[in-house]
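Visitor:
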Amino acid sequence: MQVPAARVVFSEADRAEIAAAAREILASGQLTLGAYTREFEDAFARAHGAPFAVAVNSGTAALEISLRAAGIAGADVVLPTNTFAATAFAVLRAGGRPVFADVNPRTLALSAATVAAALTDETRAVVIVHIGGLIADDIAEVQALCAERGLVLVEDAAHAHGSTRAGRHAGSFGVAGAFSLYPTKVVTSGEGGMIVTADERVRDEAVLYRDQGKAGFLGNVHIRDGYAWRMSELHAATGLVHLRRLPEFLASRAQVAARYDAAIDDMDGLERIQVPPGDVNNYYKYVVLPRPGVDRFSLRKELKERHGVGLAGEVYEAPLHQQPVFEEHASRSLPVAEDLCARHICLPVHSDMTADEADHVLGALSASLRTLTLAG
Ligand SMILES: *Cc1c(COP(=O)(O)O)cnc(C)c1O
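Dropping the structure here:
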């Protein structure tokens, strides 16, 4: 049996519906920022318990726009070092200076203590990233710290479609939540992004920024230095159909995760991330920490070559403060994130994964760890 690292799931019925919508859109002549975009925004907002959603053409754009709306130009912005480069690029492009912070090993996310350790007199905002879809169980402390210091909290929710913590959705903890709709994410529109917010001003700013800072769609008065961040109607139709599957995707991913949890708790030398009871995790990634000393490269190779199992991409393989492009922003070592990044693996989770596939992954993992231990 082969289990690929990732699988994009569009059912035959969904493909037909998107094809029909595409015909209608092409015939209508309205190819961008039209009725499908508005419907997708409304559905996305409803699915995430948010008053407003603004569609854009990437998760990176959603982040940059959220940061521009937060007014971070010329200021320091705290973000975790274990995130995708886009989080830090968005800070730079919005005119801010990224300040990399360490994370809580239990949540893989910023905590009040790791944020506090990264604050400067120039800090104006904090970007929290819900790694692998997990919302930190201590996020209320980060919110409290931000409130106390007058900092804007922005969420990079690129991993966290549908995740909830104590009943609250990802994207509702900060002033804005930025989602990605890239093909590997839990919901995709091909390419795309979404900003959710409860703040009408942020919604209005996002609408301005995404279309060249124009005061109105049809006018030519530019009041912000925006960009070409619009979502096309074809992407909106794709995302609208895919989003409808989110509840069943969450249910089937949770079933795979429950199978993984039970088996991993019985295996020696493996730690897994604990999701608090009652929380919903979308399991964008299923993160496992092998004991120190297991060589990740060899494990990957063994799983692929001997068992046909592709591990999903790490979140992340290397922390950003060790990436060449961010060298001038890297001021100190961040030992927890360095260890997590170097050591963890991500088991494959697909939105249509079968129990047999999950069991094959588990059997392969157990056999591979045994082989590597004997070899080591
Ligand atoms: C995918 C991702 C982004 C960027 O989203 P794009 O849609 O690829 O621009 C930003 N942050 C994180 C954490 C991501 O995983």
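Numbered per the working numbering, the sequence shown spans residues 1 to 376. From the three backbone atoms N, C-alpha and C, an ideal C-beta is built for every residue, glycine too.
1) When every heavy atom of ligand 1 is checked, does at least one fall within less than 6 angstroms of the C-beta of A147?
2) Per DSSP, which residues does A101 bridge with? Please list them.
3) Hey, quick one: how far does the alpha helix (DSSP H) through F44 stretch, first residue to last?
4) Where are the alpha helix (DSSP H) runs, 4 residues long or more, that stay fully inside the segment 282 to 330, in chain order?
5) Could you tell me whether the segment 277 to 291 touches the segment 329 to 346, using the rule of 3 or more Cβ pairs below 8 angstroms?
6) Once DSSP output is grouped into helix, strand and coil, what is the label at D211?
7) Verify the contact flag: T164, CB atom, against every heavy atom of ligand 2, threshold strictly below 6 angstroms.
8) Would you mind sorting N220 into buried or exposed? The rule is 16 or more other CB atoms within 10 Å of its CB.
9) Using three-state DSSP, classify F360 as helix, strand or coil.
10) Verify the contact flag: Y227, CB atom, against every heavy atom of ligand 1, threshold strictly below 6 angstroms.
11) Suppose you measure from the CA of S58 to the CA of Y260; what does that come to, to the nearest Å?
12) Measure the Cβ-Cβ separation of P319 and T81 and say whether it is below 7 angstroms.
13) Which first and last residues belong to the beta strand (DSSP E) in which E271 is found?
14) Beta-carbon separation of F173 and I195 under 7 angstroms?
15) May I ask whether a heavy atom of ligand 1 can be found less than 6 angstroms away from the beta carbon of Y209?
16) Under a three-way DSSP split, which group does A186 fall into?
17) Within the continuous alpha helix (DSSP H) that includes A5, where are the two ends?
18) Does any heavy atom of ligand 1 sit closer than 6 angstroms to the C-beta of S58?
19) By the DSSP assignment, the beta strand (DSSP E) with L67 in it spans what residues?
20) Taking 8 angstroms as the limit between beta carbons, can you name the residues of its chain near E205, skipping five residues before and five after?
21) Give me, in chain order, the residues of the same chain whose beta-carbon lies closer than 7 angstroms to that of L63; leave out the 5 immediate sequence neighbours on both sides.
22) Going by C-alpha distance, which of S368, A47, S331 and E41 is nearest T164?
23) My guess is that A160 and Y283 are in contact by the Cβ rule of under 8 angstroms, so how many angstroms apart are they, rounded?
24) In angstroms, rounded to a whole number, what distance separates the CA positions of S366 and M267?
25) Could you pull out every residue in the same chain whose Cβ sits closer than 8 angstroms to the Cβ of A43, ignoring the five residues on either side in sequence?
26) Using DSSP's beta-bridge definition, name the partner residues of V336.
27) Between the alpha carbons of G150 and G269, how many angstroms are there, rounded?
28) Using the DSSP secondary-structure output, state which residues sit across from G177 in a beta bridge.
29) Cα separation between A78 and V129?
30) Any heavy atom of ligand 1 within a distance shorter than 6 angstroms of the CB on T87?
31) Beta strand (DSSP E) containing R93: first to last residue?
32) What separation, rounded to the nearest whole angstrom, lies between the Cα atoms of T197 and R210?
33) Buried or exposed: where does H222 fall if 16 or more other Cβ atoms within 10 Å of its Cβ makes it buried?
34) Alpha carbon to alpha carbon, what distance is there between A35 and E327?
35) Would a C-beta distance cut-off of 7 angstroms place V8 and P183 closer than the cut-off?
36) Does the distance between the C-beta of T83 and the nearest non-hydrogen atom of ligand 1 fall short of 6 angstroms?
Guide: Taking the coordinates as given:
1) Stepping through the sequence shown from its first residue, residue 147 is reached at position 147. Flag unset: Cβ of A147 not near ligand 1.
2) Translated into positions along the sequence shown, residue 101 becomes position 101. P80, per the DSSP bridge assignment.
3) As a first step, residue 44 is located in the sequence shown; it is residue number 44 there, counting from the start. Note, F44: alpha helix (DSSP H), A35 to A47.
4) 296 to 307
5) yes
6) As a first step, residue 211 is located in the sequence shown; it is residue number 211 there, counting from the start. D211: strand per DSSP, three-state reduction.
7) As for ligand 2, it is missing from this structure, which binds only ligand 1.
8) Sequence index remark: in the sequence shown, residue 220 carries index 220 (1-based). Burial call: exposed.
9) Stepping through the sequence shown from its first residue, residue 360 is reached at position 360. For the sequence presented, residue 360 should be read as His rather than Phe. In this structure, H360 counts as helix in the three-state DSSP scheme.
10) Working through the sequence shown from its first residue, we reach residue 227 at position 227. For ligand 1, not one heavy atom lies less than 6 angstroms from the Cβ of Y227.
11) Stepping through the sequence shown from its first residue, residue 58 is reached at position 58. Stepping through the sequence shown from its first residue, residue 260 is reached at position 260. Those two C-alpha atoms are separated by around 31 angstroms.
12) Your numbering for residue 319 matches position 319 in the sequence shown. Your numbering for residue 81 matches position 81 in the sequence shown. It is a contact, given that the beta carbons lie within the stated cut-off.
13) As a working note, residue 271 is residue 271 in the sequence shown. It spans L270 to R272 - the beta strand (DSSP E) in which E271 sits, taken as one unbroken run.
14) Your numbering for residue 173 matches position 173 in the sequence shown. Your numbering for residue 195 matches position 195 in the sequence shown. No, the pair does not count as a contact, with Cβ atoms beyond the cut-off.
15) Walking along the sequence shown from the start, residue 209 turns up at place 209. No - ligand 1 has no heavy atom lying nearer than 6 angstroms to the Cβ of Y209.
16) Here residue 186 corresponds to residue number 186 of the sequence shown, with the count starting at 1. The question names Ala, but residue 186 in the sequence shown is Val. Correct three-state label for V186: coil.
17) Locating residue 5 in the sequence shown gives position 5, where the first residue counts as 1. Taken as a continuous stretch (DSSP letters only), A5 belongs to no alpha helix (DSSP H), as it is neither H nor E.
18) In the sequence shown, counting from the first residue as 1, residue 58 sits at position 58. The answer is yes for S58.
19) The sequence position of residue 67 within the sequence shown is 67, counting from 1. It is not in any beta strand (DSSP E) - L67 instead sits in the alpha helix (DSSP H) that spans G59 to A70.
20) The residue you call residue 205 lines up with position 205 of the sequence shown. The residues are I65, R68, A69 and R224.
21) The residue you call residue 63 lines up with position 63 of the sequence shown. Contacts found: A86, T87, A90, D156 and A178.
22) Walking along the sequence shown from the start, residue 164 turns up at place 164. Taking only the C-alpha atoms, the option nearest T164 is A47.
23) Locating residue 160 in the sequence shown gives position 160, counting from the first residue. Locating residue 283 in the sequence shown gives position 283, counting from the first residue. That belief does not hold up - the Cβ atoms of A160 and Y283 are roughly 11 angstroms apart, past 8 angstroms.
24) As a first step, residue 366 is located in the sequence shown; it is residue number 366 there, counting from the start. As a first step, residue 267 is located in the sequence shown; it is residue number 267 there, counting from the start. Cα to Cα, the separation comes out at about 7 angstroms.
25) By one-based count along the sequence shown, residue 43 stands at place 43. Closer than 8 angstroms at Cβ, skipping near neighbours: L240, L243 and R244.
26) The sequence position of residue 336 within the sequence shown is 336, counting from 1. The partner list for V336 (beta bridge, DSSP) is empty, contrary to what the question assumes.
27) The count along the sequence shown starts at 1 and reaches residue 150 at position 150. The count along the sequence shown starts at 1 and reaches residue 269 at position 269. Those two C-alpha atoms are separated by around 43 angstroms.
28) On the sequence shown, residue 177 is found 177 positions in, with the first residue counted as 1. Answer by DSSP bridge pairing, in chain order: E155 and V196.
29) Counting from 1 along the sequence shown, the entry for residue 78 is found at position 78. Counting from 1 along the sequence shown, the entry for residue 129 is found at position 129. Contrary to the premise, residue 78 reads as Val rather than Ala in this sequence. Those two C-alpha atoms are separated by around 11 angstroms.
30) In the sequence shown, counting from the first residue as 1, residue 87 sits at position 87. Yes, ligand 1 has a heavy atom inside 6 angstroms of this Cβ.
31) Here residue 93 refers to the residue found at position 93 of the sequence shown. Segment A85 to R93 is the alpha helix (DSSP H) holding R93; no beta strand (DSSP E) there.
32) Translated into the one-based positions of the sequence shown, residue 197 becomes position 197. Translated into the one-based positions of the sequence shown, residue 210 becomes position 210. About 15 angstroms.
33) Along the sequence shown, one-based indexing puts residue 222 at 222. Answer is exposed; the Cβ neighbour count stays below 16.
34) Your numbering for residue 327 matches position 327 in the sequence shown. Your numbering for residue 35 matches position 35 in the sequence shown. If I take the Cα positions, the gap works out to 44 angstroms.
35) Here residue 8 refers to the residue found at position 8 when the sequence shown is read from its first residue. Here residue 183 refers to the residue found at position 183 when the sequence shown is read from its first residue. Against a cut-off of 7 angstroms, the Cβ pair of P183 and V8 comes out as a contact.
36) The residue labelled residue 83 in the question sits at position 83 within the sequence shown. T83: yes, Cβ under 6 angstroms from ligand 1.
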